[in-house]
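Undergrad: Sharing a structure with you now.
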Amino acid sequence: MTGDPFASILEWTFARLRDQDLWRRRERRQSPQGPSVQVDGRTLLSFASNDYLGLANDPRLVEAWCQGARRYGVGAGASHLLGGHSEAHHELEEALAAFVGTPRALIFSTGYMANLALVATLCPRRGRLFEDRRNHASLIDGARLAQADRHRYRDVAGLKRALAAAAPGGLVASDGVFSMDGDTADVPGLLALARTHGAGLLLDDAHAFGVVGPQGRGTPAAQGLGHDPALVHMGTLGKAFGVFGAFVAAGTDVIEALIQTARPYIYTTALPPALAVCAKASLAIAAAEDYRRTELGERIHQFRAGAAQLGLRVLPSSTPIQPVILGDAARALDASARLREQGLYVPAVRPPTVPAGTARLRITLSAVHTRDDVEHLLGALAALPPGTA
9 MTGDPFASIL EWTFARLRDQ DLWRRRERRQ SPQGPSVQVD GRTLLSFASN
59 DYLGLANDPR LVEAWCQGAR RYGVGAGASH LLGGHSEAHH ELEEALAAFV
109 GTPRALIFST GYMANLALVA TLCPRRGRLF EDRRNHASLI DGARLAQADR
159 HRYRDVAGLK RALAAAAPGG LVASDGVFSM DGDTADVPGL LALARTHGAG
209 LLLDDAHAFG VVGPQGRGTP AAQGLGHDPA LVHMGTLGKA FGVFGAFVAA
259 GTDVIEALIQ TARPYIYTTA LPPALAVCAK ASLAIAAAED YRRTELGERI
309 HQFRAGAAQL GLRVLPSSTP IQPVILGDAA RALDASARLR EQGLYVPAVR
359 PPTVPAGTAR LRITLSAVHT RDDVEHLLGA LAALPPGTA
């Protein structure tokens with residue numbers, strides 16, 4: 009036989025995605041991350057980045073990376089358990105544990121890998137997992153890979169019913185700040201229910217660290233909670249902290265269990281030590297420079313006030329994630345293209361990333377956006393044809 013053996017398998021998938029306006033295209037950025045970026049050769053004002061504090065191109069982090077590279081080289085060269093774990097990794101883990109207020113922390117290459125590891129470790133095969141319907145894909149995939157007995161809930165009341173109908177124990181999993189909607193979970197409510205029913209709580213706080221709570225310590229701190237042995241905290245370093253990687257902050261036993269048994273930790277190369285040096289510097293900057301969170305809060309308030317005046321369908325979010333719901337995918341794509349004509353980079357988010365009928369513009373704000381930047385965005389949204397936004 010000759011020809012492409014995969015064509016017949018993939019042809020139907022490709023046709024379906026194109027017919028439903030769900031085909032994705034990678035765009036090439038030719039500049040550092042920032043409020044203005046070069047995308048496919050054009051300079052655009054960006055409202056697409058998760059660089060919430062504006063640290064991704066901070067000169068101090070560039071210098072920290074260079075210092076780390078001069079000491080450790082540019083790569084790790086091995087997994088953590090086979091010679092890849094450096095003093096820089098250890099110092100970053102200690103700094104992260106102190107920042108969150110937990111006994112220990114553990115670095116992962118990505119938040120996706122951290123969540124896969126956590127679900128497999130804390131909810132072994134056929135274990136009961138109670139998860140919010142809007143959880144990040146990594147938590148959903150972790151449950152599938154672990155072959156967990158999954159119970160999905162819509163709100164705290166739904167979780168209460170699900171836990172009451174099940175035997176004691178299990179794991180509750182939720183985003184802290186939901187990545188597509190921007191709203192915040194009721195962490196005290198989730199934790200109280202989990203404890204009442206003998207379960208633990210896994211909180212994916214990827215979009216909260218650096219932004220939410222005192223010094224950006226995350227949603228539990230923002231909601232008045234300290235360290236609790238029943239709470240396991242996951243965060244990323246590539247969003248508000250502007251670097252790359254992820255971490256788990258928890259009690260000693262949980263961290264040790266991950267080191268000893270978690271395949272996504274054991275069987276992968278460690279982050280470059282130079283990156284760990286850079287991340288530690290970013291953590292210190294983010295914690296110390298409260299003005300960044302103040303500026304960000306002002307831009308969020310400005311955008312929401314303007315969106316309300318325009319009558320936009322914006323979800324109730326007090327975080328940098330401000331989704332404008334448009335409905336179908338074609339409408340979202342059209343709005344995104346029209347905004348680009350006005351010099352704005354605001355990608356459309358479509359199913360399956362979000363539920364059918366809720367395609368949207370996912371607008372993300374940064375501490376380095378100016379008032380004029382947000383006014384430009386609001387003006388461009390106001391200029392969209394009726395029915396577009």
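To convert, count from 1 in the sequence shown and add 8; that's my numbering.
Note that the Cβ used here is the ideal one computed from N, Cα and C, for glycine as well.
Is Q317 buried or exposed, if buried means 16 or more other CB atoms sit within 10 Å of its CB?
TA: The residue you call residue 317 lines up with position 309 of the sequence shown. Flag for Q317 reads exposed.
Undergrad: Quick check on the burial criterion: 16 or more other C-beta atoms within 10 angstroms. Buried or exposed for C286?
TA: Stepping through the sequence shown from its first residue, residue 286 is reached at position 278. By the 10 Å Cβ count, C286 comes out buried.
Undergrad: L210 bridges to which residues according to DSSP?
TA: The residue labelled residue 210 in the question sits at position 202 within the sequence shown. Note: L210 sits in a beta bridge opposite A181, V240.
Undergrad: Nearest-angstrom Cα distance between A77 and A96?
TA: Position 69 of the sequence shown, counting from 1, holds the residue named residue 77. Position 88 of the sequence shown, counting from 1, holds the residue named residue 96. Whole-angstrom Cα-Cα distance: 11 Å.
Undergrad: Closer than 7 Å: is that where the CB of V82 sits relative to any heavy atom of the ligand HEM?
TA: As far as ligands go, the structure on display features none, and thus does not contain the ligand HEM.
Undergrad: Just verifying my parser: in three-state terms, what is the DSSP assignment at S117?
TA: What you label residue 117 is simply residue 109 of the sequence shown in a count that begins at 1. Reduced to three states, the DSSP call for S117 is coil.
Undergrad: Drop a sphere of 10 angstroms on the beta-carbon of W410, count the other beta-carbons inside from all chains shown, and report buried for 16 or more, exposed for fewer.
TA: This structure leaves residue 410 out entirely; the chain is present only between 9 and 397.
Undergrad: What does DSSP give as the partner residue(s) for R368 in the beta ladder?
TA: Here residue 368 refers to the residue found at position 360 of the sequence shown. R368 pairs with I333, V357.
Undergrad: Since I believe G226 is in contact with D213 (beta carbons under 8 Å), could you give me their beta-carbon distance rounded to a whole number of angstroms?
TA: Position 205 of the sequence shown, counted from the start, is the residue given in the question as residue 213. Position 218 of the sequence shown, counted from the start, is the residue given in the question as residue 226. At roughly 5 Å, the Cβ-Cβ gap stays under 8 Å, so D213 and G226 are in contact.
Undergrad: Following the continuous alpha helix (DSSP H) through V285, name the residue where it begins and the one where it ends.
TA: Here residue 285 is taken as the residue at index 277 of the sequence shown, counted from 1. Start and end: 281-296.
Undergrad: Roughly how many angstroms lie between the CA atoms of L171 and L239, to the nearest whole one?
TA: The sequence position of residue 171 within the sequence shown is 163, counting from 1. The sequence position of residue 239 within the sequence shown is 231, counting from 1. The alpha-carbon atoms of L171 and L239 are separated by roughly 17 Å.
Undergrad: Taking C-beta to C-beta, are L114 and G150 nearer than 8 Å?
TA: For the purposes of this step, residue 114 is taken as residue 106 along the sequence shown, with counting starting at 1. For the purposes of this step, residue 150 is taken as residue 142 along the sequence shown, with counting starting at 1. Result no, Cβ atoms of L114 and G150 do not sit closer than 8 Å.
Undergrad: Along the chain, where does the alpha helix (DSSP H) that runs through F107 open and close?
TA: For the purposes of this step, residue 107 is identified with residue 99 of the sequence shown, where counting begins at 1. Looking at the DSSP string, the run of the alpha helix (DSSP H) that includes F107 is 95-108.
Undergrad: Along the chain, where does the beta strand (DSSP E) that runs through Y161 open and close?
TA: Mapped onto the sequence shown, residue 161 falls at position 153. Run containing Y161: 157-161, per the beta strand (DSSP E) assignment.
Undergrad: On the DSSP bridge list, what partners appear for T192?
TA: Here the question's residue 192 lines up with position 184 in the sequence shown. V185, per the DSSP bridge assignment.
Undergrad: May I ask which residues mark the beginning and end of the beta strand (DSSP E) holding D12?
TA: In the sequence shown, residue 12 corresponds to position 4, counting from 1. No beta strand (DSSP E) holds D12; DSSP gives it neither H nor E.
Undergrad: Specify whether the region 293-310 and the region 352-371 touch according to this definition: at least 3 beta carbon pairs, one from each stretch, less than 8 Å apart.
TA: Verdict: no, contact absent.
Undergrad: So, with DSSP's three-state summary, where would you put D140?
TA: On the sequence shown, position 132 is the one that residue 140 refers to. Residue state, collapsed to three classes: strand.
Undergrad: Helix, strand or coil for Q350, going by three-state DSSP, please let me know.
TA: Taking the first residue of the sequence shown as position 1, residue 350 is located at position 342. Coil.
Undergrad: Starting from S146 and walking both ways along the alpha helix (DSSP H), at which residues does that stretch end?
TA: On the sequence shown, position 138 is the one that residue 146 refers to. It spans 145-154 - the alpha helix (DSSP H) in which S146 sits, taken as one unbroken run.
Undergrad: Just grab the DSSP bridge partners of S344 for me.
TA: As a first step, residue 344 is located in the sequence shown; it is residue number 336 there, counting from the start. Answer is none; S344 lacks a bridge partner.
Undergrad: Could you give the C-beta distance for G190 and I329, rounded to a whole number, given that I count them as a contact under 8 Å?
TA: For the purposes of this step, residue 190 is taken as the residue at position 182 of the sequence shown. For the purposes of this step, residue 329 is taken as the residue at position 321 of the sequence shown. Going by Cβ atoms, the distance from G190 to I329 rounds to 3 Å, so yes, they are a contact pair.
Undergrad: Between which residues of its own chain and G62 is the CB-CB distance below 6 Å, once the five residues before and five after are set aside?
TA: The count along the sequence shown starts at 1 and reaches residue 62 at position 54. Excluding sequence neighbours, G62 sits near S374, A375, V376.
Undergrad: My output table needs one value for R112: the three-state DSSP class, helix, strand or coil.
TA: Translated into the one-based positions of the sequence shown, residue 112 becomes position 104. The answer is strand: DSSP assigns R112 an E or B state.
Undergrad: Nearest-angstrom Cα distance between S39 and S54?
TA: For the purposes of this step, residue 39 is identified with residue 31 of the sequence shown, where counting begins at 1. For the purposes of this step, residue 54 is identified with residue 46 of the sequence shown, where counting begins at 1. Going by the C-alpha atoms only, they are around 12 Å apart.
Undergrad: Which word fits F116, buried or exposed, when buried means at least 16 other C-beta atoms lie within 10 angstroms of its C-beta?
TA: Taking the first residue of the sequence shown as 1, we reach residue 116 at position 108. Looking at its Cβ environment, which holds 16 or more other Cβ atoms inside 10 Å, F116 is buried.
Undergrad: Under DSSP, the alpha helix (DSSP H) around V70 begins and ends at which residues?
TA: Here residue 70 corresponds to residue number 62 of the sequence shown, with the count starting at 1. Looking at the DSSP string, the run of the alpha helix (DSSP H) that includes V70 is 67-80.
Undergrad: Under the three-state reduction of DSSP, which class applies to P45: helix, strand or coil?
TA: Indexing the sequence shown from 1 puts residue 45 at position 37. According to the sequence displayed, residue 45 carries Val and not Pro. Looking at V45 - three-state DSSP - the assignment turns out to be strand.
Undergrad: Have a look at the DSSP bridge pairing and note the partners of V322.
TA: Numbered from 1 along the sequence shown, position 314 holds the residue referred to as residue 322. Answer by DSSP bridge pairing, in chain order: V332.
Undergrad: Give the secondary structure of T277 by DSSP, where H, G and I count as helix, E and B as strand, and everything else as coil.
TA: Counting from 1 along the sequence shown, the entry for residue 277 is found at position 269. Strand, per DSSP.
Undergrad: Expressed to the nearest angstrom, what Euclidean distance is found between the alpha-carbon atoms of G259 and P111?
TA: Here residue 259 refers to the residue found at position 251 when the sequence shown is read from its first residue. Here residue 111 refers to the residue found at position 103 when the sequence shown is read from its first residue. Cα-Cα distance, rounded: 5 Å.
Undergrad: My assumption, with CB atoms under 8 Å, is that L283 sits in contact with G253. Please give the rounded CB distance.
TA: In the sequence shown, the residue the question calls residue 283 occupies position 275. In the sequence shown, the residue the question calls residue 253 occupies position 245. Indeed they touch by this definition, with Cβ atoms about 7 Å apart.
Undergrad: How many Å lie between A296 and L304 at the Cα?
TA: One-based indexing of the sequence shown puts residue 296 at position 288. One-based indexing of the sequence shown puts residue 304 at position 296. Between A296 and L304, the C-alpha separation is close to 15 Å.
Undergrad: Quick one: what's A257 bridged to in DSSP?
TA: Indexing the sequence shown from 1 puts residue 257 at position 249. The partner list for A257 (beta bridge, DSSP) reads A113, H241.
Undergrad: Is the beta carbon of H340 sitting closer than 8 Å to the one on L369?
TA: As a position in the sequence shown, residue 340 is number 332, starting the count at 1. As a position in the sequence shown, residue 369 is number 361, starting the count at 1. One detail in the question is off: residue 340 reads as Ala in this sequence, not His. Yes, the Cβ-Cβ distance between A340 and L369 is below 8 Å.
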